[in-house]
Amino acid sequence: MIDLKDLRENPDRYRKGAADKQYDPTLIDRLLEVDAEHRRLLAQREALAAEKNRIGKQIGQLAGRIKKAGGEEKAELEREMAQLQQRPAQMKQQEAELDHRLAELEPQRDDLWLQVPLPADADVPVGRGSDDNVEIRHWSPEGFDPARPFADNRGFEPRGHIELMQKLGMVDFERGVKLAGSRSYVLTGDGMLLHNAILQYAFRYMTMEMGFTAMSVPVLVREQCMVGTGFFPQGREQVYTVGDPARFRESLGQSEQADPYTDTSWVDGYLTGTGEVGLMGYHQDEILDADSLPLCYTTVSTCFRREAGAAGKDTAGLFRVHQFDKVEQVVICRADEAESRNWHAKMIGFVEQLLQRLALPYRLLQCCTGDLGPKNADQIDLECWMPSRNGYSETHSASRLYDYQCRRLNIRYRDPEGKANIIAHSLNNTVAASPRLLIPIVEMYQNADGSITIPEVLRPLLNGRERIG
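Have a look at this one:
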């Protein structure tokens, strides 16, 4: 959520910010119009309240004077008292009308307010979508050059992860689809062991080496947690809803246009698509001790995504699935741009070091404005080389959000003097998401005979084994 006061003072910044992110900039004008009317009516309501207080005091003063007065003076004061006593009754109707109008306008204002995207930082390149993203740098282990064909690097033609894992009994797609439908899978035997080893290693790396606090958070959360972290109202179509369908069917009889996305009376909660939701929601509506910042959290959680809009895209294999597991890192820090930028670079560095330990070729992409979500001031994607896709593909995403999430979640901290509450900043980044990360590991570590060498750093978690197959 953006600072509404700043939007009133700098509307052109937000118009440009919306347009750069491919949002309708007239959203800003609609919000300003509703906000202005809301503030006008609120001022009238406050003026009426002030007048009521003033009249009350006058009535009290008159009552005292009437007790002491006599004759014509008393009669005159009593007439004045009667006129004053009529005014509150007249104001009651005005107050009711204003309250009704304010009750209509406030949700309209809040709905528009929640839709306004955070403007991208000035150093983020302007672009329409992922095709306009810019490579920052890349890294490859010694002896492998992604610019050359895999066969030139390794001396044999590569197999894709689907063929490799199926032949080694590491995955069962057919039964996965039977169990849960399209984009489903079952990791079996060494596939599940390798998947678990990746998550264990990443989690231990962030907690034992990088000093992040280990957390367990719910993956079924309330609506406010999704709104507060910026995944609603945009993005509802990507989220699985948990509730009683019978309650929605009942609402169909009560509304001619019942919509499961807007009528949430039947909803019990939502399945999260990232551990970020729970980690950020953990401190909702809290005032933190400034000395406790930064808060550095990591969690490993099961994640769920509907992949709406991806029909026919990456339907085979483990790249785009509905359910996966992810180690996530979140930082809540002071409201300082330099500190946020510093943490952004650090969090990206943690992941680069992890990928280098796994000896996986990767690159960093600067996302352009059109590829940023509504909540991001900046986003850097990390993409690993996947031979079967003959290119780099996203495995990590690092976001800098400034106060956008914390404002929605009402996460504040006291200034050094303890006189004011300041809205904190937040950042997040993937540490390891599997089974997607299995793709570059399996494909980059494959051997000519179809076996897979286990990355050296993962072997202690697999009882010292060096090879699968």
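For the sequence shown, our numbering assigns the number 778 to the initial residue and increments by one for each residue that follows. Each residue gets a CB set at the ideal place from its N, CA and C atoms; glycine is no exception.
{"Query": "For the beta strand (DSSP E) holding residue 1208, just list the boundary residues, first then last.", "Result": "1202-1211"}
{"Query": "To the nearest whole angstrom, what separates the beta carbons of residue 1047 and residue 1006, a pair I think is in contact under 8 angstroms?", "Result": "At roughly 11 angstroms, the Cβ-Cβ gap does not stay under 8 angstroms, so residue 1047 and residue 1006 are not in contact."}
{"Query": "Please list, in chain order, all residues of the same chain as residue 1043 whose beta carbon is under 6 angstroms from its beta carbon, the five residues on each side excluded.", "Result": "1020, 1021, 1024, 1025"}
{"Query": "DSSP three-state call for residue 944: helix, strand or coil?", "Result": "helix"}
{"Query": "Thinking C-alpha only, which one of 950, 968, 967, 971 is nearest residue 961?", "Result": "950"}
{"Query": "Determine the burial state of residue 1214: buried for a count of at least 16 other Cβ atoms within 10 Å of its Cβ, exposed for fewer.", "Result": "buried"}
{"Query": "Could you give the residue range of the beta strand (DSSP E) that holds residue 1078?", "Result": "1072-1081"}
{"Query": "Within the same chain, show all residues whose beta-carbon is closer than 6 angstroms to that of residue 927, passing over the 5 residues directly before and after it, in chain order.", "Result": "935, 1164"}
{"Query": "Since residue 988 and residue 1110 are thought to touch, with beta carbons under 8 angstroms apart, how far apart are those beta carbons, to the nearest angstrom?", "Result": "Wrong, their Cβ atoms sit about 14 angstroms apart, outside the cutoff."}
{"Query": "Whole alpha helix (DSSP H) runs in the segment 986-1070 with 4 or more residues, listed along the chain?", "Result": "1000-1005, 1022-1031, 1053-1058"}
{"Query": "Give the DSSP-derived three-state secondary structure of residue 1101 in the structure shown.", "Result": "strand"}
{"Query": "Sort 1237, 1217, 1240, 1245 by Cα distance to residue 1230 and report the nearest one.", "Result": "1245"}
{"Query": "Considering residue 1128, what are the terminal residues of the alpha helix (DSSP H) in which it resides?", "Result": "1114-1134"}
{"Query": "Can you tell me where the beta strand (DSSP E) with residue 1159 in it begins and where it stops?", "Result": "1155-1163"}
{"Query": "Would you mind sorting residue 956 into buried or exposed? The rule is 16 or more other CB atoms within 10 Å of its CB.", "Result": "exposed"}
{"Query": "In whole angstroms, what is the alpha-carbon distance linking residue 799 and residue 970?", "Result": "42 angstroms"}
{"Query": "Quick test of the definition: if touching needs 3 or more C-beta pairs under 8 angstroms, does the segment 1144-1163 touch the segment 1233-1243?", "Result": "no"}
{"Query": "By Cβ distance, which residues of its chain are closer than 6 angstroms to residue 902, with the 5 residues on each side in sequence left out?", "Result": "911, 1145"}
{"Query": "Name, in chain order, the residues that DSSP records as bridge partners for residue 1174.", "Result": "1158"}
{"Query": "Assuming residue 1128 and residue 1224 make a contact with CB atoms under 8 angstroms, what is their CB distance in whole Å?", "Result": "With a Cβ gap of about 27 angstroms, residue 1128 and residue 1224 do not count as contacting."}
{"Query": "Using beta-carbon positions only, say whether residue 1143 and residue 913 come within less than 8 angstroms of one another.", "Result": "yes"}
{"Query": "Could you work out which residue in 1200, 1160, 1166, 1105 is closest to residue 1093 when comparing CA atoms only?", "Result": "1166"}
{"Query": "Which residue spans inside the segment 850-932 form an unbroken beta strand (DSSP E) run of at least 3?", "Result": "911-916"}
{"Query": "Could you say which of 953, 995, 782, 1209 lies nearest to residue 1135 if we only look at CA atoms?", "Result": "1209"}
{"Query": "Are the CB atoms of residue 822 and residue 781 nearer to each other than 8 angstroms?", "Result": "no"}
{"Query": "Since I believe residue 1058 is in contact with residue 996 (beta carbons under 8 angstroms), could you give me their beta-carbon distance rounded to a whole number of angstroms?", "Result": "Not confirmed; about 11 angstroms, so no contact."}
{"Query": "By Cβ distance, which residues of its chain are closer than 6 angstroms to residue 918, with the 5 residues on each side in sequence left out?", "Result": "1136"}
{"Query": "Give me the Cα-Cα distance between residue 994 and residue 1176, rounded to the nearest whole angstrom.", "Result": "20 angstroms"}
{"Query": "Mind reading off the beta-carbon distance from residue 1185 to residue 1198? Whole number of angstroms is fine, and I expect it under 8 angstroms.", "Result": "The Cβ separation is near 15 angstroms, so there is no contact."}
{"Query": "What did DSSP end up calling residue 976 once you bin it into helix, strand or coil?", "Result": "helix"}
{"Query": "For residue 869, I'd like the list of residues in its chain whose CB is within less than 7 angstroms of its CB, leaving aside the five on either flank, ordered along the chain.", "Result": "none"}
{"Query": "Pull up the CB-CB distance for residue 819 and residue 879, whole angstroms please, since I reckon it's below 8 angstroms.", "Result": "6 angstroms"}
{"Query": "Do the CB positions of residue 1155 and residue 827 come within less than 8 angstroms of each other?", "Result": "no"}
{"Query": "Alpha carbon to alpha carbon, how far is residue 1071 from residue 1232?", "Result": "33 angstroms"}
{"Query": "Taking 8 angstroms as the threshold (C-beta atoms), are residue 1065 and residue 1120 in contact?", "Result": "no"}
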